[in-house]
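Residue numbers (the numbering used here): 302 to 347.
Beta carbons: idealized from backbone N, C-alpha and C, even for Gly.
Treat the numbers as computed from the prediction; the structure is a model and nothing was measured.
#1: Got a sec: is the Cβ-Cβ distance from residue 309 to anything in chain B below 8 Å?
#2: Please classify residue 346: does DSSP put it in a helix, a strand, or coil?
#3: Output the residue ranges of the alpha helix (DSSP H) runs that lie fully inside the stretch 308-333 and measure 4 residues or longer, sorted by chain position.
#4: Give the straight-line distance between the Cα atoms of residue 314 and residue 332, rounded to the nearest whole angstrom.
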């Protein structure tokens, strides 16, 4: 079983986790922008 636990307020936020979240956000944003570009290209220029 997997148990969720509360964040320890005394434990510092790790730098690697912040970087991972930033990279994830950028990747998802670029993916959505790419899909939108392809849809617009396909609808208006086909």
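Taking the geometry as given:
#1: Absent from the structure: chain B. Only one protein chain is present.
#2: In the three-state DSSP reduction, residue 346 falls in the coil class, being neither helix nor strand.
#3: Counting only runs of 4 or more, we get nothing.
#4: 28 Å
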